[in-house]
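Number of protein chains: 2
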Amino acid sequence: MSNSALREISRQAARQRICEIAEEFFATRGYDVTTVQDIAHAAGISERTFFRYFSSKDEVLFQRFEVETRGLVDAIQARPAGEAPWPTLQHALESALDDLDHESATERAALFRRITETSPHVLALYFARVDAFQRELSEALWARWIANHGPDPDTRVILRALVSAIFSVLNEVELAAQALPHAERRRMIRTALDAVRPARDDIGGPDECARRAGASSLR
Amino acid sequence: MSNSALREISRQAARQRICEIAEEFFATRGYDVTTVQDIAHAAGISERTFFRYFSSKDEVLFQRFEVETRGLVDAIQARPAGEAPWPTLQHALESALDDLDHESATERAALFRRITETSPHVLALYFARVDAFQRELSEALWARWIANHGPDPDTRVILRALVSAIFSVLNEVELAAQALPHAERRRMIRTALDAVRPARDDIGGPDECARRAGASSLR
DNA sequence: CTCCATCTGTCAGTCACTGCCACTTCTGAC
DNA sequence: GTCAGAAGTGGCAGTGACTGACAGATGGAG
Numbered sequence: 001m002s003n004s005a006l007r008e009i010s011r012q013a014a015r016q017r018i019c020e021i022a023e024e025f026f027a028t029r030g031y032d033v034t035t036v037q038d039i040a041h042a043a044g045i046s047e048r049t050f051f052r053y054f055s056s057k058d059e060v061l062f063q064r065f066e067v068e069t070r071g072l073v074d075a076i077q078a079r080p081a082g083e084a085p086w087p088t089l090q091h092a093l094e095s096a097l098d099d100l101d102h103e104s105a106t107e108r109a110a111l112f113r114r115i116t117e118t119s120p121h122v123l124a125l126y127f128a129r130v131d132a133f134q135r136e137l138s139e140a141l142w143a144r145w146i147a148n149h150g151p152d153p154d155t156r157v158i159l160r161a162l163v164s165a166i167f168s169v170l171n172e173v174e175l176a177a178q179a180l181p182h183a184e185r186r187r188m189i190r191t192a193l194d195a196v197r198p199a200r201d202d203i204g205g206p207d208e209c210a211r212r213a214g215a216s217s218l219r
Numbered sequence: 220m221s222n223s224a225l226r227e228i229s230r231q232a233a234r235q236r237i238c239e240i241a242e243e244f245f246a247t248r249g250y251d252v253t254t255v256q257d258i259a260h261a262a263g264i265s266e267r268t269f270f271r272y273f274s275s276k277d278e279v280l281f282q283r284f285e286v287e288t289r290g291l292v293d294a295i296q297a298r299p300a301g302e303a304p305w306p307t308l309q310h311a312l313e314s315a316l317d318d319l320d321h322e323s324a325t326e327r328a329a330l331f332r333r334i335t336e337t338s339p340h341v342l343a344l345y346f347a348r349v350d351a352f353q354r355e356l357s358e359a360l361w362a363r364w365i366a367n368h369g370p371d372p373d374t375r376v377i378l379r380a381l382v383s384a385i386f387s388v389l390n391e392v393e394l395a396a397q398a399l400p401h402a403e404r405r406r407m408i409r410t411a412l413d414a415v416r417p418a419r420d421d422i423g424g425p426d427e428c429a430r431r432a433g434a435s436s437l438r
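Line order of the protein sequences matches chains A and B. Quick note on my numbering: the first sequence kicks off at 1 and runs consecutively. Quick note on my numbering: the second sequence kicks off at 220 and runs consecutively.
Rendered as structure tokens:
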């Protein structure tokens with residue numbers, strides 16, 4: 001075990017501890033009124049040292065609310081090679097959606113929403129992260145497309161738009177239907193995704209006109 | 220002429236002047252290194268007074284790069300009542316797209332892009348504005364939908380996703396095809412929009428399966 | 001002229017964040 | 001064990017965005 005690896009572990013542990021302390025402050029007092037000094041003092045470190053672990057106060061916040069990019073990208077790459085982009089995304093999303101519902105993620109999401117409502121710049125940073133996340137996904141989809149059809153810039157744009165549409169659906173349902181039961185939210189998501197699905201077979205999946213009579217394959 | 224109206228005019232003139240001075244600084248020296256003090260001093264006012272005209276340095280920047288919400292919303296409302304959301308958006312976009320190409324907006328967009336590349340928080344704020352803008356558009360579309368079909372929450376989500384997809388296309392083409400001629404960019408936009416168009420007749424417009432053989436109606 | 005509202009500058013202060021320096025600690029080489 | 005060097009930490013001063021409080025200027029209404 002190299003000692004640089006050991007250092008890295010203890011560094012991560014320290015970050016984790018600082019995060020937990022910070023989240024406690026954010027939840028009880030609010031994000032804006034919590035100063036870096038508060039967090040540092042509670043963690044028993046100096047303000048200067050805090051900034052050696054996190055480049056900004058925002059980073060502490062987003063550390064706890066990071067979107068799990070890796071998992072979804074892996075799920076996309078694990079799909080069969082010939083599959084069209086839309087069903088690929090749809091299947092890759094299934095497990096992610098389950099996690100989103102069941103975990104204690106709901107409570108944490110509520111805190112995050114409260115914060116974004118009172119401090120717009122946090123919301124703005126969130127949008128930036130979502131964009132980067134979506135870009136990564138669409139690049140993964142495009143890589144698959146290239147393997148099958150060659151590098152077609154037009155399709156790249158189309159894929160980016162699809163990813164954008166899908167996450168717009170998820171986000172909108174999340175916002176508009178907070179109070180509704182999970183089953184109803186799932187139904188809304190299913191309905192909306194089905195309506196947004198592109199007509200072209202090579203992107204939206206096979207059997208386009210026949211599909212309109214049947215049900216979605218999501219869940 | 221009431222004197223409060225007069226005051227408002229002179230206030231707007233002052234804002235305008237400050238903006239121009241600020242943009243000059245941003246263009247020549249850069250956004251981050253330009254301090255509020257620089258701008259205020261060049262404008263012949265105190266730093267404190269600057270903050271009475273603009274709530275932040277960011278606001279000065281965005282004053283000059285504001286997305287023109289009103290025009291597009293009006294264009295949407297001007298479309299015939301029975302029209303499906305997709306063609307409505309498509310037609311409303313046409314004039315806006317022309318403005319985007321022809322005007323000296325290109326040069327200003329380049330400056331803005333330069334700024335967003337070096338200061339990520341400006342990019343983040345931009346995303347937040349784009350989201351608000353898209354939300355406004357989709358609300359306008361939904362209002363039209365309600366008038367024809369009644370308030371259907373599912374469709375609201377779908378419309379939000381459509382708007383998101385369309386602007387994703389515009390943005391992606393803008394970014395990926397900066398060097399390409401306008402005609403080519405238009406072609407990419409047309410192709411991508413056509414591929415993203417939803418299959419359902421009541422949203423995507425009439426004659427879905429037949430349309431796939433013909434050309435798009437955009438331009 | 002005077003009263004009033006509004007506009008403005010000054011000043012002090014908060015907070016996020018950075019650079020610099022000194023001190024400790026921990027590690028590896030000998 | 002010792003010593004040189006690397007890495008972690010705190011203190012401190014400083015910058016820049018932004019705010020609140022106060023006081024003087026301005027400019028029309030009575």
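Ideal Cβ positions, reconstructed from N, Cα and C, are used throughout, including at glycine.
Residues bridged to residue i (per DSSP)
| i | result |
| --- | --- |
| Pro-198 of chain A | B:Pro-417 |
Contacts that residue i makes with chain A (C-beta to C-beta distance below 7 Å)
| i | result |
| --- | --- |
| Phe-346 of chain B | Ala-124, Phe-127, Ala-128 and Asp-131 |
| Ile-377 of chain B | Ala-192, Ala-195 and Val-196 |
| Leu-316 of chain B | Those do not exist, as Leu-316 of chain B stays about 15 Å from chain A at its closest Cβ, beyond 7 Å. |
| Arg-419 of chain B | Ala-195 |
| Ile-422 of chain B | Ala-195 |
CB of residue i within 8 Å of CB of residue j, strictly
| i | j | result |
| --- | --- | --- |
| Gly-205 of chain A | Ala-105 of chain A | no |
| Arg-268 of chain B | Ala-259 of chain B | Per the sequence shown, the amino acid found at residue 268 of chain B is Thr instead of Arg. Yes. |
| Arg-135 of chain A | Phe-65 of chain A | no |
| Phe-331 of chain B | Thr-288 of chain B | no |
| Tyr-53 of chain A | Ile-21 of chain A | no |
| Arg-160 of chain A | Trp-86 of chain A | no |
| Ala-128 of chain A | Pro-339 of chain B | yes |
| Val-33 of chain A | Glu-47 of chain A | no |
| Ala-341 of chain B | Asp-277 of chain B | Per the sequence shown, residue 341 of chain B should be read as Val rather than Ala. Yes. Within cutoff. |
| Ile-295 of chain B | Leu-360 of chain B | yes |
| Ala-92 of chain A | Ala-147 of chain A | no |
| Ala-124 of chain A | Asp-373 of chain B | no |
| Ile-158 of chain A | Ala-395 of chain B | no |
| Ser-223 of chain B | Ser-168 of chain A | no |
| Val-392 of chain B | Arg-409 of chain B | no |
| Leu-6 of chain A | Leu-89 of chain A | no |
| Leu-356 of chain B | Leu-399 of chain B | no |
Unbroken alpha helix (DSSP H) run spanning residue i, endpoints
| i | result |
| --- | --- |
| Thr-49 of chain A | 47–53 |
| Tyr-31 of chain A | Careful: Tyr-31 of chain A lies outside any alpha helix (DSSP H) and carries neither H nor E. |
| Asp-58 of chain A | 57–64 |
| Leu-399 of chain B | Element bounds for Leu-399 of chain B: n/a, residue is neither H nor E. |
| Arg-164 of chain A | Looking at the sequence shown, residue 164 of chain A is not Arg but Ser. Here the alpha helix (DSSP H) through Ser-164 of chain A covers 153–176. |
| Gly-290 of chain B | 288–297 |
| Glu-302 of chain B | Here Glu-302 of chain B belongs to no alpha helix (DSSP H), and DSSP marks it neither H nor E. |
| Pro-339 of chain B | 339–368 |
Residues that residue i contacts on chain B, provided the C-beta gap is smaller than 8 Å
| i | result |
| --- | --- |
| Ala-92 of chain A | By Cβ distance, chain B contributes nothing, its closest Cβ being about 18 Å from Ala-92 of chain A, past 8 Å. |
Within chain A, partners of residue i - CB distance below 8 Å
| i | result |
| --- | --- |
| Arg-298 of chain B | The premise fails here: Arg-298 of chain B is roughly 20 Å from chain A at the closest Cβ pair, so nothing lies under 8 Å. |
| Pro-339 of chain B | Ala-128 |
Contacts of residue i in chain B (Cβ-Cβ under 7 Å)
| i | result |
| --- | --- |
| Ser-164 of chain A | Ser-383, Ala-384 and Ser-387 |
Within chain A, the residues that residue i reaches when beta carbons sit closer than 9 Å
| i | result |
| --- | --- |
| Ala-380 of chain B | Ser-164, Ala-165, Ile-166, Phe-167, Ser-168, Val-169, Glu-172, Ala-192, Leu-193, Ala-195 and Val-196 |
Next item on the list: Can you give me, in chain order, the residues of the region 387–412 of chain B that have a beta carbon less than 9 Å from any beta carbon in chain A?
Entry: Those would be Ser-387, Val-388, Asn-390, Glu-391, Val-392, Ala-395, Ala-396, Arg-406, Met-407, Ile-408, Thr-410, Ala-411 and Leu-412, in chain order.
Check: Any residues in the region 142–158 of chain A with a beta carbon nearer than 9 Å to a beta carbon of chain B? Which ones, in chain order?
Finding: Per Cβ criterion, the list reads Pro-153, Asp-154, Thr-155, Arg-156, Val-157 and Ile-158.
Check: Taking Cβ-Cβ distances below 8 Å as the criterion, which residues of the region 103–115 of chain A are in contact with chain B?
Finding: Within the region 103–115 of chain A, no residue has a Cβ that lies closer than 8 Å to any Cβ of chain B.
Notebook entry, point to check: Going along the region 250–274 of chain B in order, which residues come within less than 9 Å of chain A, judged by CB to CB distance?
Noted result: Look at the region 250–274 of chain B: it has no residue with a C-beta under 9 Å from a C-beta of chain A.
Checklist line | Members of the region 224–239 of chain B near chain A, C-beta cut-off 8 Å | finding: Listed in sequence order: no entries.
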